[in-house]
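Just so we're aligned: 101 in my numbering is position 95 of the sequence shown, and the numbers increase by one with no gaps anywhere.
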Amino acid sequence: QSGLGRGVSPEQFREANLKYEFKFGFRFLTSATGKTGQVIYEELLRRTESTREVELKTASEQQQKITRIRLEKAFRTLDTQPFRALGILKSSLYSRC
(Lines of atoms letter the chains of each structure in order from A and count residues from 1; the text may use other names and numbers.)
(Lines give C-alpha, C1' and ligand atoms only; values in the text may rest on other atoms or scores of the structure.)
Protein backbone atom coordinates (compact mmCIF):
# COMPACT_ATOMS: atom_id res chain seq x y z
CA GLN A 1 0.00 0.00 0.00
CA SER A 2 1.28 3.39 -0.93
CA GLY A 3 1.65 6.21 1.55
CA LEU A 4 -0.48 9.31 1.23
CA GLY A 5 0.69 12.05 -1.06
CA ARG A 6 1.81 15.44 0.07
CA GLY A 7 -1.09 17.65 1.03
CA VAL A 8 -3.50 14.73 1.59
CA SER A 9 -4.19 14.11 5.25
CA PRO A 10 -5.36 10.74 6.58
CA GLU A 11 -8.62 12.47 7.55
CA GLN A 12 -9.20 13.67 3.97
CA PHE A 13 -8.55 10.18 2.67
CA ARG A 14 -10.87 8.67 5.27
CA GLU A 15 -13.64 11.17 4.44
CA ALA A 16 -13.31 10.50 0.71
CA ASN A 17 -13.46 6.74 1.37
CA LEU A 18 -16.60 7.15 3.48
CA LYS A 19 -18.26 9.27 0.78
CA TYR A 20 -17.42 6.62 -1.84
CA GLU A 21 -18.63 3.76 0.36
CA PHE A 22 -21.87 5.59 1.22
CA LYS A 23 -22.58 6.33 -2.44
CA PHE A 24 -21.83 2.89 -3.85
CA GLY A 25 -22.37 0.56 -0.88
CA PHE A 26 -18.95 -1.10 -1.18
CA ARG A 27 -15.34 -0.20 -0.46
CA PHE A 28 -13.07 1.60 -2.89
CA LEU A 29 -10.87 -0.89 -4.71
CA THR A 30 -7.86 -0.12 -6.84
CA SER A 31 -4.63 -1.80 -7.76
CA ALA A 32 -2.09 0.26 -5.83
CA THR A 33 0.92 -1.24 -7.61
CA GLY A 34 3.07 1.59 -8.94
CA LYS A 35 0.72 4.33 -7.71
CA THR A 36 1.50 7.03 -5.18
CA GLY A 37 -0.91 7.90 -2.40
CA GLN A 38 -1.70 11.15 -4.18
CA VAL A 39 -2.63 9.30 -7.38
CA ILE A 40 -4.84 6.89 -5.45
CA TYR A 41 -6.55 9.78 -3.65
CA GLU A 42 -7.21 11.59 -6.94
CA GLU A 43 -8.58 8.37 -8.44
CA LEU A 44 -10.86 7.94 -5.43
CA LEU A 45 -12.24 11.46 -5.86
CA ARG A 46 -12.72 11.01 -9.61
CA ARG A 47 -14.38 7.62 -9.31
CA THR A 48 -16.74 8.86 -6.61
CA GLU A 49 -18.31 11.01 -9.34
CA SER A 50 -19.07 7.93 -11.48
CA THR A 51 -22.39 6.19 -11.77
CA ARG A 52 -22.93 2.93 -9.90
CA GLU A 53 -22.96 0.99 -13.17
CA VAL A 54 -19.64 2.46 -14.32
CA GLU A 55 -18.08 2.02 -10.88
CA LEU A 56 -19.09 -1.64 -10.59
CA LYS A 57 -17.35 -2.26 -13.92
CA THR A 58 -14.25 -0.28 -12.84
CA ALA A 59 -14.04 -2.01 -9.44
CA SER A 60 -14.40 -5.40 -11.13
CA GLU A 61 -11.57 -4.55 -13.53
CA GLN A 62 -9.39 -3.45 -10.62
CA GLN A 63 -10.10 -6.70 -8.73
CA GLN A 64 -9.14 -8.68 -11.83
CA LYS A 65 -5.91 -6.68 -12.11
CA ILE A 66 -5.07 -7.27 -8.43
CA THR A 67 -5.76 -10.99 -8.78
CA ARG A 68 -3.63 -11.24 -11.94
CA ILE A 69 -0.70 -9.48 -10.23
CA ARG A 70 -0.96 -11.81 -7.21
CA LEU A 71 -1.19 -14.92 -9.37
CA GLU A 72 1.80 -13.86 -11.46
CA LYS A 73 3.77 -13.27 -8.27
CA ALA A 74 2.71 -16.64 -6.87
CA PHE A 75 3.71 -18.51 -10.02
CA ARG A 76 7.10 -16.74 -10.10
CA THR A 77 7.82 -18.02 -6.59
CA LEU A 78 6.26 -21.48 -6.96
CA ASP A 79 9.48 -23.33 -7.83
CA THR A 80 11.71 -21.68 -5.24
CA GLN A 81 9.26 -20.83 -2.44
CA PRO A 82 6.18 -23.05 -2.69
CA PHE A 83 4.78 -22.13 0.74
CA ARG A 84 5.06 -18.43 -0.04
CA ALA A 85 3.29 -19.05 -3.34
CA LEU A 86 0.45 -20.76 -1.47
CA GLY A 87 0.17 -17.79 0.87
CA ILE A 88 -0.10 -15.41 -2.08
CA LEU A 89 -2.74 -17.61 -3.70
CA LYS A 90 -4.69 -17.78 -0.44
CA SER A 91 -4.64 -13.99 -0.07
CA SER A 92 -5.92 -13.69 -3.66
CA LEU A 93 -8.82 -16.00 -2.99
CA TYR A 94 -9.85 -14.44 0.29
CA SER A 95 -9.18 -10.74 -0.28
CA ARG A 96 -11.98 -8.44 0.82
CA CYS A 97 -13.72 -6.14 -1.63
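We put the beta carbon where it would ideally sit given N, CA and C, even for glycine.
As the structure is a prediction and not an experimental result, all values here were calculated from the model.
Collapsing the DSSP output to three states places serine 66 in a helix. In this structure, Val14 is the residue among Leu24, Thr73, Glu78, Val14 with its C-alpha nearest to the C-alpha of glycine 43. Counting C-beta atoms within 10 angstroms of its own C-beta, phenylalanine 32 has fewer than 16 neighbours from the protein chains shown and is therefore classed as exposed. In this structure, the CA atom of glutamate 48 is about 10 Å from the CA atom of phenylalanine 19.
The Cβ atoms of arginine 53 and threonine 39 do not sit closer than 8 Å to each other. For arginine 52, the enclosing alpha helix (DSSP H) starts and ends at 43-54.
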